[in-house]
Structure formats: structure tokens, C-alpha cells
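For the sequence shown, the residue numbers in UniProt numbering are 1 to 130. To start, the structure itself, in C-alpha cells.
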Amino acid sequence: MIRSGDDDAVSPTVATVLMVAVTVTLAAFVASFSLGTLGDIPENGLVGAKAVRTDDGAIQVTYLGGDGSAAVDHLNWTIDGAEQADLLDHTIGSVAVNATTSADPGKKHRVMVIATYNDGSSQVVLDTSV
């Protein structure tokens, strides 16, 4: 059998087209999987809060608002998982204080603020240690 230089099984053009097709198919699969696992993204906008330790050891939380502040129905806040009795109003600039943590001023406490929106959805606004 005599071999010539034109006996390639697949031409370079067909090989390139096949590689591009496989790459596009794989990219589409990865994109559909990753976008499907994100779930619903809230459309209420972002709001914020900050927590500080006062000089006497109490924890003070301030609601800062944000572009989604008009949609906020109410705010809850916790220290180390315990919901606080001093309510944090959803008016921008409102402050709530917990003085019971001043008994142990050197200990770090986990503070969380959760905003509940008018549509019933909720979002963690703050999760920090002070």
C-alpha cells in the first residue's frame, strides 16, 4: 500500500469545527447548572446596619438603610442567637441597645440583623462579632 500525504482521517477544518462544538456544548451545560443553583435573587435592594461596643460594654446597633429601605417591613436582631427585646425600628438612623452584655465586656458576641420585607422575604443585613 502506497501512502500519500492526503490520507488524513479528518480534515483540519472538520476537527476545528468539532472542537468548537464540544466546547460550546460544555460551556452551555456548566452555565445552565451554575445559574440554576443560584436560586432566586431578591429584588428588594440592599440595606445595612452596624454594631459597635459602647464604652460601658453594651452593644449598640444602628440601622443605616439603603436603596431597599422603602421595602423593609421590620427588623429583628440577635446577640449570640438570642432575639433582643429592644426593637430596632426600620427608620433610617434608628438605634437599639442591649446593656446586658456589659457584664462581660471582654467577650466577643455575634450580632445579626435580619430585615423582613413587605413581600415576606427576608435577608441578613448584618452578621458580625463585636
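Positions of the beta carbon are idealized from the N, C-alpha and C atoms, including for glycine.
Within 8 Å, strictly: CB atoms of residue i and residue j
i	j	result
residue 122	residue 114	yes
residue 124	residue 61	no
residue 68	residue 35	no
residue 96	residue 88	yes
residue 49	residue 117	no
DSSP bridge partner residues for residue i (one or two, in chain order)
i	result
residue 64	Paired residue(s): none; residue 64 is not in a bridge.
residue 112	78 and 127
residue 49	63
residue 122	116
residue 96	61
residue 14	The partner list for residue 14 (beta bridge, DSSP) is empty, contrary to what the question assumes.
residue 88	75
Best match in the options for proximity to residue i [C-alpha to C-alpha]
i	options	result
residue 98	22, 17, 54 and 65	54
residue 92	57, 63 and 84	63
residue 90	25, 65 and 127	65
residue 73	94, 24 and 119	119
residue 109	57, 24, 86 and 25	57
residue 107	85, 86, 13 and 59	59
Nearest-angstrom beta carbon gap, residue j and residue i [assumed within contact, 8 Å]
i	j	result
residue 51	residue 130	5 Å
Note to self: Three Cβ pairs or more, each shorter than 8 Å: is that satisfied between the stretch 69-79 and the stretch 18-33?
What the structure shows: no
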